[in-house]
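Under full-length UniProt numbering, the very last position in the sequence shown is 434; numbers go up by exactly one each time.
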Amino acid sequence: MVDFYFMKKKNIRGIAANLLSIVLEKKKSLDTVLSINSLKKENDQSLLQEICFGVIRVLPQLQFIIKKLMYRPIIDNKNKIINYLIMVGLYQIQYMRIPNYAVLSETVNGVLWCNRSSFKGLVNAVLRKFILNHENFSLSESMYDYYHPSWMIKTFKKDWPKNWKSIVKNNNLKPPFWIRVNRQYFTRKEWLKLSNLKKNIILSRTVNDAILIKPPISKKKLFGFERGFVSIQDVSSQYCAILLDPKNYENILDVCAAPGMKTSHILEIAPKVNILSIDINKKRIIEFKKNMDRLSLNIIIQQGDGRKPKEWYKSKKKFDRIILDAPCSATGIIRRHPDIKWLRLSTDIKKFVVLQRDLLNGIWPLLKKEGILLYSTCSVLKEENQNQITHFLKNNKNAKEIYLSTDNKSIGLQMFPTNEGGDGFFYAKIKKIY
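Okay, structure coming up:
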């Protein structure tokens, strides 16, 4: 596999093919791979991200087209990168506003960049064939339409027979760009006046700090971003601090806290709370600290495992409120991380369920009587959400659910990904009655 750091002249299409092969063959996170291999120029990095995210988002369609275009698809590991390079070209032709001649030129040059010059004619011929015949590649309603693995589709159908198609459709869209205005500095209207953003904005009707900006813009263009006036956070995620309803001077425990967006929102709502943040991941703790520095917040964060609080919490003092933003399948935020579709396995779900259960049982003793636990995931799977909370309530007689749904019957509050709304999130609010 080519390491582009040693290439004299970069080729973004070749780089994209290389990174895609790392993600899909070596099962590495796309976000991680992109951050390690970031480009200096913002425009180059934006193009690289658009291509990589786009190819992974519609991967089955591109695989289908390649099978139709090529008599013998390339299957040997040594030259598999050529398949990814062809996908890069197909995606640009199908979805991006780049002239076909430029796509052909740069993608064929990518073959040379990848040190596979013998495939130059093949790549050129395949892409030209698609340009001439792309209208003939219509797809029937099948897996190629849904762009999800079959096990995931089956689970969505089982859990949400009336909603599964909407979930899948919105998972395949580009994510909306939501920001949160720091109410310690400005109201939304005050910030908007200073930002000069007058068009293509939508104010959330349910979250007072949330603004949707269309189309997305660079964080550098957000007025006061580096000074902590605004943060980038999906509107569904912003519900967390609102549902927790923190009060000044309360003691709050935030478990699995990094990268800190929910934590910082709590302090913007109730700046005098005493909050202890815990996360097990060192790298995420570093990211947490960077976010808190940007927001000028002094928050204690410890590395610790929520399943084993005795290792990191020595005080006998219990907490008024606890947030558990539990590790999960992330099936509600696939549009932000489309590689989840191809990296996540059906067998992973049981592992997440066990981890979530152990975290709930680990932190429950730290909550005082009459205290509130808010359980949160970015999943749309019942096994991690409704079923998890039902099991917890059944096994903890001193736990009582505070209903969040309007019918006062449903377990928790399930949010689905929507086009101009938020991502897929689940919240359950539990009170300790004795």
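All C-beta atoms, glycine included, are put in the ideal place defined by N, C-alpha and C.
Exercise for review: State the DSSP-derived secondary structure class of PHE137, mapped to helix, strand or coil.
Suggested key: Counted from its first residue, the sequence shown places residue 137 at position 137. PHE137 falls in the coil class under three-state DSSP.
Review point. According to the neighbour-count rule (16 or more other Cβ atoms, all chains shown, within 10 Å of its Cβ), is GLY89 buried or exposed?
Key: Numbered from its first residue, the sequence shown carries residue 89 at position 89. It is buried - the Cβ of GLY89 has at least 16 other Cβ atoms within 10 Å.
Review point. Any idea what DSSP makes of SER117, helix, strand or coil?
Key: Here residue 117 corresponds to residue number 117 of the sequence shown, with the count starting at 1. SER117 falls in the helix class under three-state DSSP.
Check your understanding: In whole angstroms, what is the alpha-carbon distance linking GLU383 and LEU295?
Key -> Translated into the one-based positions of the sequence shown, residue 383 becomes position 383. Translated into the one-based positions of the sequence shown, residue 295 becomes position 295. About 36 angstroms.
Exercise for review: Would you mind stating whether ILE286 and TYR375 have Cβ atoms separated by less than 9 angstroms?
Suggested key: Mapped onto the sequence shown, residue 286 falls at position 286. Mapped onto the sequence shown, residue 375 falls at position 375. Against a cut-off of 9 angstroms, the Cβ pair of TYR375 and ILE286 comes out as no contact.
Check your understanding: Counting Cβ pairs, one atom from each stretch, are 3 or more of them under 8 angstroms apart for the segment 399 to 412 and the segment 346 to 353?
Key -> no
Point to revise | Identity of the residues DSSP links to LEU373 by a beta bridge | key: Residue mapping note: residue 373 aligns to position 373 of the sequence shown, counting from 1. According to DSSP, LEU373 bridges with ILE322 and ILE430.
Review point. If you drop the 5 nearest sequence neighbours on each side, which residues of the same chain put their C-beta closer than 7 angstroms to that of THR155?
Key: Locating residue 155 in the sequence shown gives position 155, counting from the first residue. Correct list, in chain order: LEU381.
**Study point:** Local conformation of GLU106 per DSSP, three classes
**Key:** Locating residue 106 in the sequence shown gives position 106, where the first residue counts as 1. Helix, per DSSP.
Practice item. Could you name the residues of the same chain whose beta carbon sits closer than 7 angstroms to that of TYR434, not counting the 5 residues immediately before and after it, in chain order? Key: Sequence index remark: in the sequence shown, residue 434 carries index 434 (1-based). So the qualifying residues of the chain are LYS369 and ASN398.
Point to revise | Beta carbon of residue 441 nearer than 9 angstroms to that of ILE56 | key: Here the chain comprises residues numbered 1 to 434, so residue 441 is not present and cannot be evaluated.
Practice item. Compare the beta carbon distance of GLN233 and MET261 with 9 angstroms and say whether it is the shorter of the two. Key: In the sequence shown, the residue the question calls residue 233 occupies position 233. In the sequence shown, the residue the question calls residue 261 occupies position 261. Yes; because the gap between Cβ atoms is below 9 angstroms, this pair is in contact.
**Study point:** Residue nearest to SER218 in terms of C-alpha spacing, selected from ALA16, SER46 and ILE22
**Key:** What you label residue 218 is simply residue 218 of the sequence shown in a count that begins at 1. Cα-wise, what sits closest to SER218 is SER46.
Review point. Is the CB-CB distance between LEU253 and ILE299 below 9 angstroms?
Key: Position 253 of the sequence shown holds residue 253. Position 299 of the sequence shown holds residue 299. For LEU253 and ILE299, no; Cβs fall outside 9 angstroms.
Check your understanding: Helix, strand or coil: which one does DSSP assign to GLN303?
Key -> Within the sequence shown, numbered from 1, the residue matching residue 303 stands at position 303. It is a strand residue.
Check your understanding: Where LEU243 and ASN251 are concerned, what is the direct C-alpha to C-alpha distance, given to the nearest angstrom?
Key -> Working through the sequence shown from its first residue, we reach residue 243 at position 243. Working through the sequence shown from its first residue, we reach residue 251 at position 251. Roughly 16 angstroms separates the two Cα atoms.
Exercise for review: Could you tell me how far apart the beta carbons of GLY110 and ALA17 are, in whole angstroms, since I believe they sit closer than 8 angstroms?
Suggested key: Taking the first residue of the sequence shown as position 1, residue 110 is located at position 110. Taking the first residue of the sequence shown as position 1, residue 17 is located at position 17. Going by Cβ atoms, the distance from GLY110 to ALA17 rounds to 6 angstroms, so yes, they are a contact pair.
Review point. For GLY14, is the classification buried or exposed, using 16 other Cβ atoms within 10 angstroms of its Cβ as the cut-off for buried?
Key: Reading the sequence shown from its first residue, position 14 is the one you call residue 14. By the 10 Å Cβ count, GLY14 comes out buried.
Exercise for review: Answer with buried or exposed for ALA102, where buried requires no fewer than 16 other C-beta atoms within 10 angstroms of its C-beta.
Suggested key: Within the sequence shown, residue 102 is the residue found at index 102, counting from 1. By the 10 Å Cβ count, ALA102 comes out exposed.
Check your understanding: How big is the Cα-Cα spacing for SER117 and PHE53?
Key -> As a working note, residue 117 is residue 117 in the sequence shown. As a working note, residue 53 is residue 53 in the sequence shown. Cα-Cα distance, rounded: 26 angstroms.
**Study point:** Identity of the residue in ALA241, VAL168, ILE98 and LYS189 nearest SER264 by Cα
**Key:** Taking the first residue of the sequence shown as position 1, residue 264 is located at position 264. Checking every option, the nearest Cα to that of SER264 belongs to ALA241.
Check your understanding: PHE426 to GLY228, Cα distance in whole Å?
Key -> Translated into the one-based positions of the sequence shown, residue 426 becomes position 426. Translated into the one-based positions of the sequence shown, residue 228 becomes position 228. Approximately 27 angstroms between the Cα atoms of the pair.
Check your understanding: VAL168 by DSSP, collapsed to three states: which one?
Key -> For the purposes of this step, residue 168 is identified with residue 168 of the sequence shown, where counting begins at 1. VAL168 falls in the helix class under three-state DSSP.
Review point. Would you call the CB atoms of GLY422 and TRP178 closer than 9 angstroms?
Key: Position 422 of the sequence shown, counted from the first residue, corresponds to residue 422. Position 178 of the sequence shown, counted from the first residue, corresponds to residue 178. Result yes, Cβ atoms of GLY422 and TRP178 sit closer than 9 angstroms.
Practice item. Grab the span of the beta strand (DSSP E) containing ASN251 for me, first residue to last. Key: Residue mapping note: residue 251 aligns to position 251 of the sequence shown, counting from 1. Run containing ASN251: 251 to 255, per the beta strand (DSSP E) assignment.
Exercise for review: Return helix, strand or coil for residue 449, following the three-state DSSP convention.
Suggested key: For residue 449 there is no data in the structure shown, the boundaries of the chain being 1 and 434.
Check your understanding: By a C-beta neighbour count over all protein chains shown, 10 Å radius and 16 as the cutoff for buried, is TRP151 buried or exposed?
Key -> What you label residue 151 is simply residue 151 of the sequence shown in a count that begins at 1. By the neighbour-count rule (16 or more Cβ atoms within 10 Å), TRP151 is not buried but exposed.
Review point. According to DSSP, is ASP279 helix, strand or coil?
Key: Looking up residue 279 in the sequence shown gives position 279. In the structure shown, ASP279 sits in a strand (DSSP, three-state: E or B).
Check your understanding: Taking one C-beta from the segment 334 to 341 and one from the segment 154 to 174 each time, how about it: are there three or more such pairs within less than 8 angstroms?
Key -> yes
Review point. Near LEU59, which residues of its chain fall below 6 angstroms by C-beta distance, leaving aside the five closest residues on each side in sequence?
Key: As a working mapping, residue 59 is identified with position 59 in the sequence shown. For LEU59, where only same-chain residues beyond five positions count, there are no Cβ hits under 6 angstroms.
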